[in-house]
Amino acid sequence: MLGDIATLVLQGTMISAVYALIAIGFTMIFGVGGTLNLAHGALIMSGAYVFGVLAQGAHPAVAFPITILVVALLSWGLYQILVRWVEENVVITFLATVIVAVAATEVILIRFGSSPLGMTLVSGAVNLEPYGINARPRIVQFVGFVISWVAIGLLWYYITKTDDGRSILAASMSERGAQLTGVDLHSVRSKTWLIAGALAGAAGIILGSTGGATPLMWLNPLALAFMIVVIGGIGSIKGSVVAAYVIGFLEQFTVTFVGHGFRGILSLVVLVVFLLFMPQGLYGREFAHD
Amino acid sequence: MATTFAGCLGGGGSDGLTIGHLAPMSNPLGIGSKRTVDMAVEELNDDGGFNGEQATVITKDTRTDPSEAQSVTEELIQQEDVDLLIGTFNSETTQSILDLTAEFDVPFMITGSAAPSLVTDYAGSDYDTYKNVFRIGPINSDFQAESIADYCAYLNDQHDWDRVAFLRDQAEWTEPFGEQIPGLLSERDLEIVYQDALSIEGTDFGPVMSDVNESDADFVLRFFAHIDGGDMLTRWHEGQYDFGIEGVHVSGMLPSYNELYDGAATYETTAQSGAAGVTSITERTQPFVEAYSSRYQDADEAPIRAPMYMGFNTYDGIHVFKEAIDSLETTDTRNNLDDFVGEMLDVDVTGVAGQLRFYGPDSDYPHDVREERRADGTITNYPVTQWVGPEESECVYPDEHRTADHQLPSWMQ
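Sequence lines, in order, name chains A and B. Here this note's numbering is used: the first residue of the first sequence is 4, the next is one more, and so on. Here this note's numbering is used: the first residue of the second sequence is 696, the next is one more, and so on.
Here it is, written out as structure tokens:
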């Protein structure tokens, strides 16, 4: 039994770290610009494909930072070319980003077809059975965990300790207040998209290296990001991290005690409960009072 | 003016034979199928045509989407006036166009879907309406389940593997397996020690592998078409789990699959019509595979070495069609449907994926392709292949088509 719990904790921790990475960029963009970026999943997917292609020729350690940079720029470009012109209109932004996501699928289908693209960030696995844990996690999962927390740590430092970062926090609390203190909103939003893109790129690399890249791989992360953001509180980074772990552990709990086919059910129930009884989420508007 | 008029006439009517091919064209299965329909028609046109007439092929992309499939099928029937429809991959798509083809009396040959219900719920319950529908391959899931159970018995003979972890997509197509596999395995003295249907919306294979490992299974018997097993296979290799991975894995049938995953598929098996072209199922299999690969080896898109299972079936379908048309002595199938069906039921053709004969109106599976059985009753036309190298696979089952014995993973040897 103890071994079961240890296994559950290990598997839950691993998957939750990836979920956090998936959700943070999405929640930041919503917090700062009030924009629901439905192309967030597509950015994650582009991370997987860019890394997959680069890793065929270059060492993963080289391909990794280049991919992060490319996806950050894609995200920034998406904001500059499309979103900034329509962001005041929620519905148009919603539609425009959905179209980007669908178009991305078509581009991937034309270029790569529907077969999965496999890739390796690091290979190998660790057998934990001698330690009473029934799991042989892959090293890439540990790497994903580390990347997730390094990214969260850097982001936290940037947002709370640097002037540049504080302007993002300020803009998410009150746009007018931020403007009155001399914050350039456009530049803050551009920066947010750049950072969100980098995080999406990292998430894409981890997802691609664990399960391969496919043209519809953006759907699940996007749905997850939605759930995490609702449960965590829209716009709250802390909330997203906590909610990512809540969802990850709920899923793990369900597959351990109910069955693999019911993986997402319990999280959906929790989502509905939150929507009905706690629509502000765990840390709703936490930004405004941090 | 005259040219325009003639052009109009050429587009429809009974002159010229038009074959409509339906497949998901962003999927390598569909691409393989399109290439083989083109190959077959070209070869047969050069060889005297279909009852003397030259055929043309029009391929439409169903995008694995039932509503898209319906609209392109309607276009093929109404505007292109096709004399035969052939193809379709997933069962939901196939099902969505059955009524349409029946209403217009267009012969329809299914070459990619295996659900028994496509036959039993249609021609099986209302023969007169759906007599236009034939399945060329693969053998339906009921027969597949039986054949896979026999394969498991072979594994038990070979490696003393009698503990089975049974996994499948949580989807319509695996239902017949879910119902039948437990009974079929227990008849063969095999024990299911773990079973689950996995969400096709995304499964984390870490806990799945832990559960299978804990059950002390000798091998995983899995049925994946929606789920790509790449994550599972990579964990299997990296974690060096002490069990085999067997069954059906549609993604793994792609000839370049093992390269895509850096060899993680090595030692996994999958059953598939045509056995990926690695063995001589009939005397026609190898010449066909060689012709395919020499024609498409420089193509940009996979599959280039051999078509996937749907391509084998589509190629066979065109040959069956020619046989029926030549006996019918007209290419106007839609106005002579009863006679065409009669000719189809008399067909006995050696194809590239096996011998083709069809069940009659009074059987459990009207117009379904017949399974082939050896003297002891074992089904032989659902061969199993095993990846043994980055680009190499071998046929490991059944005896008649085997090119190598089933190998244990290197870490279990």
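Here a beta-carbon is modelled for each residue, glycine too, at the ideal position from N, C-alpha and C.
Backbone secondary structure at residue i - three-state DSSP
| i | result |
| --- | --- |
| Y1010 (chain B) | helix |
| I781 (chain B) | strand |
| G942 (chain B) | strand |
| V814 (chain B) | helix |
| Y962 (chain B) | coil |
| I136 (chain A) | coil |
| M927 (chain B) | helix |
| T100 (chain A) | helix |
| M804 (chain B) | strand |
| F914 (chain B) | strand |
| S1088 (chain B) | strand |
| G284 (chain A) | coil |
| Y889 (chain B) | strand |
| D981 (chain B) | The question names Asp, yet the displayed sequence has Gln at residue 981 (chain B). Looking at Q981 (chain B) - three-state DSSP - the assignment turns out to be helix. |
| K241 (chain A) | helix |
Beta-carbon proximity of residue i to residue j, cut-off 8 Å
| i | j | result |
| --- | --- | --- |
| T1025 (chain B) | N746 (chain B) | yes |
| V143 (chain A) | S190 (chain A) | no |
| S905 (chain B) | A138 (chain A) | yes |
| L928 (chain B) | L893 (chain B) | no |
| F900 (chain B) | V915 (chain B) | no |
| Y987 (chain B) | A735 (chain B) | no |
| L202 (chain A) | G55 (chain A) | no |
| L793 (chain B) | G715 (chain B) | no |
| D1057 (chain B) | T815 (chain B) | no |
| L46 (chain A) | L72 (chain A) | no |
| G116 (chain A) | A997 (chain B) | yes |
| N1031 (chain B) | L1023 (chain B) | yes |
| A23 (chain A) | V273 (chain A) | no |
Own chain residues within Cβ distance below 6 Å of residue i, not counting five before or after
| i | result |
| --- | --- |
| A246 (chain A) | I231, I234, G235 |
| Q981 (chain B) | S975 |
| S170 (chain A) | V186, V191 |
| A173 (chain A) | A181, V186 |
| V89 (chain A) | I95, T96, A99 |
| Q749 (chain B) | N740 |
| G135 (chain A) | G6 |
Residue i at chain B interface by Cβ criterion, 8 Å
| i | result |
| --- | --- |
| Q283 (chain A) | no |
| A247 (chain A) | no |
| Q255 (chain A) | yes |
| V65 (chain A) | no |
| D293 (chain A) | In this predicted model, D293 (chain A) has a pLDDT of only 38, less than 50, meaning its place in the structure is not dependable enough to derive any value. |
| A138 (chain A) | yes |
| R2 (chain A) | Absent from the structure is residue 2 (chain A), since the part of chain A shown begins at 4 and ends at 293. |
| P119 (chain A) | yes |
| V149 (chain A) | no |
| V258 (chain A) | yes |
| R179 (chain A) | no |
Neighbour flag for residue i against chain A, beta carbons, 8 Å
| i | result |
| --- | --- |
| L955 (chain B) | yes |
| A920 (chain B) | no |
| G707 (chain B) | Confidence at G707 (chain B) is low in this model, with a pLDDT of 40, below 50, so its placement is unreliable and the value that follows should be read with caution. By this cut-off, G707 (chain B) is not an interface position. |
| T961 (chain B) | no |
| V903 (chain B) | yes |
| T965 (chain B) | no |
| Y991 (chain B) | no |
| E896 (chain B) | yes |
| T699 (chain B) | Bear in mind that a pLDDT of 40 at T699 (chain B), under 50, signals an unreliable position, so the number given afterwards is only what the model happens to contain. It does not: the Cβ of T699 (chain B) has no partner Cβ on chain A nearer than 8 Å. |
| D899 (chain B) | yes |
Closer than 7 Å: residue i CB and nearest the ligand PLP heavy atom
| i | result |
| --- | --- |
| E909 (chain B) | This structure does not include the ligand PLP; it has no bound ligands of any sort. |
Own chain, CB closer than 7 Å to residue i, minus 5 neighbours either side, in chain order
| i | result |
| --- | --- |
| M1003 (chain B) | P723, L724, G727, M948, L949 |
| E1089 (chain B) | V973, T1080, Q1081, V1083, T1098, A1099 |
| I895 (chain B) | D864, Q865, A866, H921, I922 |
Contacting residues, own chain, Cβ-Cβ under 8 Å from residue i (five flanking each side not counted)
| i | result |
| --- | --- |
| F1016 (chain B) | I714, F745, L779, I781, P802, M804 |
Subject >> Residues from the stretch 15-48 of chain A in contact with chain B, defined by Cβ distance under 8 Å >> reply: M17, I18
**OP:** Could you please tell me which residues of the stretch 182-215 of chain A, in chain order, have their CB closer than 8 Å to any CB of chain B?
**Re:** T213, G214, G215
**OP:** Select from the stretch 850-877 of chain B all residues with a C-beta closer than 7 Å to any C-beta belonging to chain A, and list them in chain order.
**Re:** Q865
Original post:
At a Cβ cut of 9 Å, what residues of the stretch 830-847 of chain B count as close to chain A, listed as they run along the chain?
Top reply: none
Subject >> Near-chain A residues of the stretch 923-934 of chain B - C-beta to any C-beta below 8 Å >> reply: D923, G925, D926, T929, R930, E933, G934
Subject >> Interfacial residues, the stretch 260-282 of chain A to chain B, with Cβ spacing under 7 Å >> reply: G262, H263, G264, R266, G267
Original post:
In the stretch 711-739 of chain B, which residues sit with their C-beta less than 7 Å from some C-beta in chain A, listed in chain order?
Top reply: S721, N722, P723
Original post:
Which residues, taken in chain order from the stretch 97-121 of chain A, show a beta carbon closer than 7 Å to some beta carbon of chain B?
Top reply: L112, G116, S117, S118, P119, L120, G121
**OP:** Check distances from the C-beta atoms of the stretch 750-771 of chain B to those of chain A and list, in chain order, the residues that come in under 7 Å.
**Re:** none
**OP:** Anything in the stretch 994-1014 of chain B with a Cβ closer than 9 Å to a Cβ of chain A? List those residues in chain order, please.
**Re:** E996, A997
Original post:
Which of the residues in the stretch 932-952 of chain B, read from start to end, lie with their CB under 8 Å from any CB of chain A?
Top reply: E933, G934, Q935, Y936, S946, L949, S951, Y952
**OP:** Output, in sequence order along the chain, the residues in the stretch 883-894 of chain B whose CB is closer than 8 Å to any CB in chain A.
**Re:** D891, A892, L893, S894
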